[in-house]
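Residues 1 to 321, numbered by UniProt numbering, are exactly what the sequence shown covers, in order.
Virtual Cβ for every residue (Gly too), placed ideally from N, Cα, C.
Quantities reported herein were computed from a predicted structural model and do not represent experimental measurements.
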Amino acid sequence: MSNLLRLIGRRLIALPFMVLGVTLLVFVVMSFSPADPARLALGEAASADALEQYRIQHGLNDPLPVRFVRYLGGLLHGDLGESFTGVDIGDLISTSFPITLQLTFIGIFLAVVLALFLGVIAALYRDRWPDQVIRVISILCLATPSFWLALLLIQWFADVPGGAQWFPSVVTKWVSFSENPAEYIRQVTLPAFAVAVPNTGTLTRVVRTAMVEELDRDYVRTAIGGGIPKHVVVARNVLRNALITPLTVLGLRLGYAMGGAVVIEIIFNIRGMGQLIFEGITRNDVNIVQGVSITVAAAFIIINIVVDMLYVLVNPRIRSI
Numbered sequence: 001m002s003n004l005l006r007l008i009g010r011r012l013i014a015l016p017f018m019v020l021g022v023t024l025l026v027f028v029v030m031s032f033s034p035a036d037p038a039r040l041a042l043g044e045a046a047s048a049d050a051l052e053q054y055r056i057q058h059g060l061n062d063p064l065p066v067r068f069v070r071y072l073g074g075l076l077h078g079d080l081g082e083s084f085t086g087v088d089i090g091d092l093i094s095t096s097f098p099i100t101l102q103l104t105f106i107g108i109f110l111a112v113v114l115a116l117f118l119g120v121i122a123a124l125y126r127d128r129w130p131d132q133v134i135r136v137i138s139i140l141c142l143a144t145p146s147f148w149l150a151l152l153l154i155q156w157f158a159d160v161p162g163g164a165q166w167f168p169s170v171v172t173k174w175v176s177f178s179e180n181p182a183e184y185i186r187q188v189t190l191p192a193f194a195v196a197v198p199n200t201g202t203l204t205r206v207v208r209t210a211m212v213e214e215l216d217r218d219y220v221r222t223a224i225g226g227g228i229p230k231h232v233v234v235a236r237n238v239l240r241n242a243l244i245t246p247l248t249v250l251g252l253r254l255g256y257a258m259g260g261a262v263v264i265e266i267i268f269n270i271r272g273m274g275q276l277i278f279e280g281i282t283r284n285d286v287n288i289v290q291g292v293s294i295t296v297a298a299a300f301i302i303i304n305i306v307v308d309m310l311y312v313l314v315n316p317r318i319r320s321i
């Protein structure tokens with residue numbers, strides 16, 4: 001237990017340093033933006049004196065290290081600054097980020113369920129026709145861009161001419177599950193499926209490989225030779241041991257799925273982080289782009305650290321390191 005707590009402590013200690021590094025990187029990159037914050041805030045008709053006064057008032061003329069320390073101090077107090085229109089960025093993210101998280105985790109949940117089913121079947125029927133069919137399916141999933149799949153899903157199943165009229169093509173108003181469960185499921189089905197499919201391909205191949213390696217171990221042959229039914233050995237031992245490697249890959253796929261969800265949100269007009277950063281880019285609002293980028297990057301780091309902890313808990317051998 002002491003080794004386990006020490007490993008968890010190392011990851012928790014590393015967390016603020018990684019977030020600080022990401023924040024510094026995003027801040028420095030965004031500082032090279034050609035957009036003039038004063039001009040964007042005051043308009044093209046603003047005088048030179050007004051522009052200079054705005055820069056002095058908001059510290060835009062200060063050296064980059066001074067501006068970063070000031071921005072970092074605001075972050076420590078939960079202040080992400082304001083957009084050029086005067087809207088608090090923290091308020092914008094607090095309403096958009098939960099939507100992106102929901103879409104990401106629903107998509108990953110679908111991917112995990114499909115990957116477990118396909119990967120286990122492929123491993124149990126190794127080198128036979130079910131394995132060959134599932135191998136083709138996983139390659140097709142890997143080769144399918146999520147944004148292209150989203151457009152196909154809209155064309156086939158959404159309320160557009162020629163579609164099945166089952167799901168909305170554009171989310172005009174986001175409805176939470178507590179407000180209207182049926183409408184929530186209609187809104188999230190196509191976007192979540194578009195996020196899930198590419199991740200299903202990767203996870204299926206990882207699950208199959210891990211299952212095949214585990215099925216070839218001596219303890220499996222010994223247990224089956226001793227009279228224990230094969231399905232019992234697979235369910236109780238093989239599957240549990242084989243999930244250690246897919247769990248590690250899942251942490252990375254969560255980050256990629258979040259990035260994919262940002263793109264999918266733009267296609268379906270979902271008011272998540274994707275729409276927020278798209279609006280920030282189109283309006284040259286550096287503060288919004290900066291706030292969204294830091295939030296998503298920090299979430300990616302935190303998710304991977306949580307997955308690392310789960311990996312340590314699932315795999316007893318790591319606790320002794």
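Item: Per the DSSP calculation, D88 is bridged to which residue(s)?; Value: E82
Item: With a Cβ-Cβ cutoff of 8 Å, do T295 and I93 count as a contact?; Value: yes
Item: Given A223, which residues of its chain have a CB within under 8 Å of its CB, disregarding the five upstream and five downstream residues?; Value: V233, N237
Item: Would you say P191 reaches chain D, if we count a Cβ-Cβ gap shorter than 8 Å as a contact?; Value: No chain D appears in this structure, which consists of one protein chain only.
Item: Which value, in whole angstroms, describes the spacing of the CA atoms of R6 and D216?; Value: 34 Å
Item: Helix or strand or just coil, what does DSSP make of A158?; Value: strand
Item: Please list the terminal residues of the continuous alpha helix (DSSP H) segment that includes R208.; Value: 181-215
Item: Span of the alpha helix (DSSP H) holding N241?; Value: 239-242
Item: If contacts are defined as beta-carbon pairs under 8 Å, then R271 and S96 qualify, I think. What distance do you get, rounded to the angstrom?; Value: 6 Å
Item: Would you call the CB atoms of G81 and N284 closer than 8 Å?; Value: no
Item: What is the DSSP secondary structure of F278, reduced to helix, strand or coil?; Value: helix
Item: In the DSSP assignment, find the unbroken alpha helix (DSSP H) run with S138 in it and report its ends.; Value: 129-142
Item: Check whether the segment 186-194 and the segment 140-150 touch, using three or more Cβ-Cβ pairs below 8 Å as the test.; Value: yes
Item: Identify whether F268 lies in helix, strand or coil by the three-state DSSP scheme.; Value: helix
Item: Assuming contact is defined by CB atoms lying nearer than 8 Å, are S169 and I185 in contact in what I supplied?; Value: no
Item: Given this structure, state the Cα-to-Cα distance separating V306 from L247, to the nearest angstrom.; Value: 11 Å
Item: Consult DSSP for F177 and reduce its assignment to one of helix, strand or coil.; Value: coil
Item: Taking Cβ to Cβ, would you say A115 is nearer than 8 Å to V207?; Value: yes
Item: Could you give the distance in angstroms between the alpha-carbon of N241 and the alpha-carbon of I13?; Value: 29 Å
Item: Below 8 Å between beta carbons: does that hold for N199 and I264?; Value: no
Item: Could you name the residues of the same chain whose beta carbon sits closer than 6 Å to that of F68, not counting the 5 residues immediately before and after it, in chain order?; Value: F27
Item: Please report the distance separating the alpha-carbon of V249 from that of A297.; Value: 18 Å
Item: A48 lies in the alpha helix (DSSP H); which residues open and close that run?; Value: 48-57
Item: So, using beta-carbon positions, are R152 and F268 closer together than 8 Å?; Value: What sits at residue 152 in the sequence shown is Leu, not Arg. Not a contact, by the Cβ cut-off of 8 Å.
Item: Use the C-beta contact count for L219: other C-beta atoms within 10 angstroms, 16 or more gives buried, fewer gives exposed.; Value: Before going further, note that residue 219 is Tyr rather than Leu in the sequence given. So Y219 counts as exposed.
Item: Consult DSSP for F167 and reduce its assignment to one of helix, strand or coil.; Value: strand
Item: Excluding five sequence neighbours on each side, which residues of the same chain lie with their C-beta closer than 8 Å to the C-beta of L15?; Value: I301, I302, I305
Item: Would you mind working out which of D159, A261, S83, R128 sits nearest L103, comparing C-alpha positions?; Value: A261
Item: Is it right to say I134 is buried, meaning 16 or more other beta carbons lie within 10 angstroms of its own, or is it exposed?; Value: buried
Item: Compute the Euclidean distance between the alpha carbons of G259 and F105, then round it to the nearest angstrom.; Value: 12 Å
Item: Between the Cα of A235 and the Cα atoms of L254, V120, F157, R128, which residue gives the shortest distance?; Value: V120
Item: Rounded to whole angstroms, what is the Cα-Cα separation between G163 and F157?; Value: 5 Å
Item: With distances taken Cα to Cα, identify the nearest neighbour of A38 among G9, M30, T23, Y54.; Value: Y54
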